[in-house]
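The structure appears below as structure tokens.
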Amino acid sequence: MDDADAVTTQRTTVEDWTRALAESSGSPGGGAGTGVMLAIAASLTAMVAGYTEPDPHQRTELDAIHERALLLRRTALRLADEDAAASQAFGAAFHQEPGPDREDAIHRASVDAAKASAVLGDQAIAAIGDLGWLAANGNPALIADVVVAFGALRAAVTGARTNVSFDLGALTSAGATLEEVRGQHPKLWETVQRLTTALDRIDDLAAGIDHRAAPTDAG
Numbered sequence: 073m074d075d076a077d078a079v080t081t082q083r084t085t086v087e088d089w090t091r092a093l094a095e096s097s098g099s100p101g102g103g104a105g106t107g108v109m110l111a112i113a114a115s116l117t118a119m120v121a122g123y124t125e126p127d128p129h130q131r132t133e134l135d136a137i138h139e140r141a142l143l144l145r146r147t148a149l150r151l152a153d154e155d156a157a158a159s160q161a162f163g164a165a166f167h168q169e170p171g172p173d174r175e176d177a178i179h180r181a182s183v184d185a186a187k188a189s190a191v192l193g194d195q196a197i198a199a200i201g202d203l204g205w206l207a208a209n210g211n212p213a214l215i216a217d218v219v220v221a222f223g224a225l226r227a228a229v230t231g232a233r234t235n236v237s238f239d240l241g242a243l244t245s246a247g248a249t250l251e252e253v254r255g256q257h258p259k260l261w262e263t264v265q266r267l268t269t270a271l272d273r274i275d276d277l278a279a280g281i282d283h284r285a286a287p288t289d290a291g
């Protein structure tokens, strides 16, 4: 596909982008969807921050949260488009004829895809604290939006974790064991563990405010 015709988060509507996601092309795919979910979480974070009237001593911190969320929205969409491009290379590598060239292409594409997802994951992890601050100090009328943001953020972390893990696992198709992959790419391997821990953190924070957001579901 020519770059001018590529479906990106910057040049297409939500309708067109999700239609492209629904096609059996893999670009955009789950990794790009992870980026969009992160952008949604960031957007909701910015919205809640903007509606919050802080105590005077909280103004500086709230303004920083707001700015970080606005920046993250843009960054996440850019990373979504970069992941879509990486997905094309990943798919192309697996369609090559069997042989050393195919194995090398799969290795390069798998590592590149894992790195792209790891960057998304790091961005998502960094956003947890700001959303947690809003859960405790944000406008109480928007607590349901905070819970929705946590859901989108959890989806982003889950997507990043799974994609990094899957891409590392794909390296075994060339004959390496998982332990060898771990030794060759320790930072990416450690990223999977950090993302798993981040999921527990998100769950704890969301559970702590769910009774405020959904009072009719008290059991």
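Per the working numbering, the sequence shown starts with residue 73, numbered consecutively.
All C-beta atoms, glycine included, are put in the ideal place defined by N, C-alpha and C.
Quantities reported herein were computed from a predicted structural model and do not represent experimental measurements.
Spatial distance of GLU292 from SER245 (CA atoms) = This structure does not reach residue 292, given that the chain is present from 73 up to 291, and the question cannot be answered.
Assumed close pair LEU225, THR124 - CB separation to whole angstroms, cut-off 8 Å = The beta carbons of LEU225 and THR124 sit about 18 Å from each other, so the pair does not count as a contact at 8 Å.
Assign ASN235 to one of three DSSP states: helix, strand, or coil.
-> If DSSP states are grouped into helix, strand and coil, ASN235 belongs with the helices.
Can you tell me the Cβ-Cβ gap for VAL120 and VAL218, rounded? I've got them flagged as a contact below 8 Å.
-> Contact between VAL120 and VAL218 holds: their C-beta atoms lie close to 6 Å from each other, under 8 Å.
May I ask you to check if the CB of GLN160 is nearer than 7 Å to at least one heavy atom of the ligand GTP?
-> Judged by which ligands are present, the structure shown has none, so any question about the ligand GTP falls away.
Per DSSP, what kind of secondary structure is PRO212 in: helix, strand or coil?
-> Under the three-state reduction of DSSP output, PRO212 falls in the helix class.
Measure the beta-carbon distance from LEU151 to LEU192 and round it to whole angstroms, keeping in mind my assumption that it falls under 8 Å.
-> About 5 Å separates the beta carbon of LEU151 from that of LEU192, a gap short enough to meet the 8 Å contact definition.
Considering only residues of the same chain and omitting the five flanking positions on each side of ILE215, which have a CB-CB separation below 8 Å?
-> Cβ within range, chain order: ALA207, ILE281, ARG284, ALA285.
Whole-angstrom C-beta distance between ALA278 and VAL229, which should lie under 8 Å | Wrong, their Cβ atoms sit about 12 Å apart, outside the cutoff.
What residue range is occupied by the uninterrupted alpha helix (DSSP H) comprising GLU169?
-> Segment: none, GLU169 is in no alpha helix (DSSP H) and carries neither H nor E.
If you scan the region 218 to 282 from start to end, which runs of the alpha helix (DSSP H) of 4 or more residues do you find wholly inside it?
-> Segments of the alpha helix (DSSP H) lying fully in the region 218 to 282: 250 to 256.
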